[in-house]
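J.: Residue numbering for the sequence shown follows our numbering, beginning at 1 and increasing consecutively. Quick one: this structure, given as structure tokens, is what I'll be asking you about.
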Amino acid sequence: MKKLDFLTRGQIQSIHKLKSDRNAQRVLKQMEEYLNVIRSGENIYYLNAAGRSLVNCDKVRKSTGNVQHYIMRNYLYIAYSCPQSWDNEIRITSEGKSKKDTVTCVADAVFKRGDFYTVIEVDNTQTMKKNQVKIQKYRTLKDRFTFGPVAPKFIWITTTENRRKELIKLNEDKGLVAEVFTLTDFNA
């Protein structure tokens, strides 16, 4: 939870290979003094003050409307086998010839396997116009070899099939290699 902020019971069960629902519930019960829970369909857990102290976590999380963003990102973390190099909220910058030519983008997560970067983006409540601007920035970063000689792969998760189609088209139009999932791909 220190790394992923918010996790559903099912995500915790999957990451730690807890097998049965009953076993996962037993483990979470033993940890309850260190956790807060949001009751929303499937329970969502995050560290309370005692939990943060136990694992030396400075980041305070609260139950906000943004929790679904974290849960969506976690589905991709699990789907890509919990990469060791996974980092959340990474600022990627490429300086241009002048200060106004500098391009900065904050990726929801980035991980690397060998020389190959994968950039994770979550489209939960973002407008498609903002996604379009972000994709253009990624194109510029790719063209400037910010990720190195090998172009990164972009992985998106979104909420609807229609948004998936729009994101695929936006990425293709900018020459980016992208894969787009919806929540239904993860039985969420």
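Even glycine gets a Cβ: it sits at the ideal position worked out from N, Cα and C. Keep in mind the model is a prediction, meaning the values are calculated, not measured.
#1: Anyone know if the C-beta pair for Leu-54 and Tyr-46 falls short of 8 angstroms?
#2: Figure out for me which residue from Arg-139, Arg-26, Lys-165 and Leu-176 has the closest Cα to the Cα of Lys-153.
#3: Pick out whichever of Thr-93, Thr-102 and Trp-86 has its Cα sitting closest to the Cα of Gly-114.
#4: Give the DSSP bridge partners of Thr-127, in chain order.
#5: Under the three-state reduction of DSSP, which class applies to Ser-53: helix, strand or coil?
#6: Runs of 4 residues minimum, wholly inside the segment 8-54: which ones carry the alpha helix (DSSP H) assignment?
#7: Can you tell me whether Ala-151 is helix, strand or coil according to DSSP?
#8: With three or more beta-carbon pairs closer than 8 angstroms as the criterion, would you say the segment 98-105 touches the segment 55-63?
#9: Spell out the partners DSSP gives Asp-87 in its beta bridges.
T.: Taking the geometry as given:
#1: No.
#2: Nearest to Lys-153 by alpha-carbon distance, out of Arg-139, Arg-26, Lys-165 and Leu-176, is Leu-176.
#3: Selected option, being the one with the closest Cα: Trp-86.
#4: Paired residue(s): none; Thr-127 is not in a bridge.
#5: Secondary structure at Ser-53: helix, using DSSP grouped into helix, strand and coil.
#6: DSSP runs (the alpha helix (DSSP H)) wholly in the segment 8-54: 9-15, 21-30 and 49-54.
#7: Residue state, collapsed to three classes: coil.
#8: Too few Cβ pairs lie closer than 8 angstroms, so no.
#9: DSSP, once it has assigned bridges, lists Val-110 as partnering Asp-87.
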